[in-house]
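Following: one structure in structure tokens, then a few remarks.
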Amino acid sequence: MTVLSETEDTMVHDDEIADTEAAEIEDTVEDYEDDEVERPGKQINWSRVFAFGVLPALALLLALTAGYFKWVAVSGTEAASARTESMRVASEDAVALLSYSPDSAEKDLGAARDRLTGEFKDSYTELTRKVVIPGAKEKRISAIAKVNAAASVSASASHAVVLLFVNQTVTIGDGGTPTDTQPVVRVVLKKVDGRWLVSHFDPV
32 MTVLSETEDT MVHDDEIADT EAAEIEDTVE DYEDDEVERP GKQINWSRVF AFGVLPALAL
92 LLALTAGYFK WVAVSGTEAA SARTESMRVA SEDAVALLSY SPDSAEKDLG AARDRLTGEF
152 KDSYTELTRK VVIPGAKEKR ISAIAKVNAA ASVSASASHA VVLLFVNQTV TIGDGGTPTD
212 TQPVVRVVLK KVDGRWLVSH FDPV
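Here my numbering = 1-based position in the sequence shown + 31.
Have a look at this one:
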């Protein structure tokens, strides 16, 4: 009887211990779950993101934009300058190439050759030496040219195309009747050693 009673007491005591441990485990689980629920998520430091991410990107974008517009402005200025200068030079060149007198044809047309470049310079030199200069001396031919209008077709820092509206008055023989022609000429110029030189001179 005593053994049974002690056994029952032991079982009751073990049950109480088990219940206590179970309760403690349950409380621990609940506390952990509460901690998980109450623990705040990782905060994003937006000020750092803005300072180290957005601002540098924005600064880079602004710098690129400013650089682009500066390049456009400089390119536009250079193109405008090239247009103005090339039209002026082409007009002066046309007058020099198409004007001469019987007594100074060799000197006049020889000076004009210094305004040319490339194959056109070679062909112009051959034409004037073999045809124009001898004809001017023999037949007393004189020519006076002027440019009535000029238009820029295209222009860059090193290349330009200009359309010229020319009036040339040619007189054959002393006291001869002047004859006017009004050719339209397409002039191509190249920048060589800082000078605009004619590389093509073609009637349209």
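Each residue gets a CB set at the ideal place from its N, CA and C atoms; glycine is no exception.
Residue of the options minimising C-alpha distance to residue i
i    : options                   : result
A186 : T96, L93, E116 and L95    : E116
K152 : A176, V178, S173 and D124 : D124
D224 : A127, V192 and A188       : A188
P214 : H231, K177 and T208       : K177
A127 : A191, D145 and T108       : D145
T212 : N179, E157, T108 and A111 : N179
H231 : G207, T148 and T208       : T148
P133 : D233, T159 and G166       : G166
W227 : L92, L93 and S112         : S112
T208 : V235, S173, H190 and K222 : S173
Q199 : L93, Y131 and E109        : Y131
Counterpart residues of residue i in DSSP-defined beta bridges
i    : result
K177 : N198
Y131 : A174
L220 : A191 and V229
D211 : T200
S185 : V192
Inter-residue CB distance, residue i and residue j (contact presumed, cutoff 8 angstroms)
i    : j    : result
V229 : V218 : 6 angstroms
S183 : R114 : 4 angstroms
A136 : K168 : 6 angstroms
V197 : L129 : 7 angstroms
L140 : I175 : Not confirmed; about 14 angstroms, so no contact.
Beta-carbon proximity list for residue i, same chain, < 8 angstroms, skipping 5 on both sides
i    : result
D205 : R171
V60  : Low per-residue confidence applies at V60: pLDDT is 45, beneath 50, and the placement is therefore not dependable enough to give any value.
Unbroken alpha helix (DSSP H) run spanning residue i, endpoints
i    : result
R144 : A136 to R144
S154 : G149 to L158
Residue i: first and last residue of the uninterrupted beta strand (DSSP E) it sits in
i    : result
D233 : R226 to P234
Cutoff 7 angstroms; reference residue i; Cβ partners in own chain excluding five residues on either side
i    : result
A121 : A181, V193, L195, V218 and L220
Y155 : R144 and L147
T159 : L140
Y63  : Bear in mind that a pLDDT of 46 at Y63, under 50, signals an unreliable position, so the model cannot answer this.
A110 : A186 and S187
Same chain, Cβ closer than 6 angstroms to residue i, five either side skipped, listed in chain order
i    : result
M32  : Unreliable positioning characterises M32 in this predicted model, as indicated by a pLDDT of 44, which lies under 50. The coordinate reading is nonetheless provided below. Cβ neighbours of M32 beyond the five flanking positions: none.
D233 : R217
V235 : V215 and R217
K222 : S189
E142 : The residue asked about is misnamed: residue 142 is Ala in this sequence, not Glu. Around A142: no qualifying Cβ.
E69  : Unreliable positioning characterises E69 in this predicted model, as indicated by a pLDDT of 47, which lies under 50. The coordinate reading is nonetheless provided below. Here the set comprises nothing.
is_contact[residue i, chain B] using C-beta, thresh 7 angstroms
i    : result
V162 : Protein chains in the displayed structure number just one, and chain B is not present.
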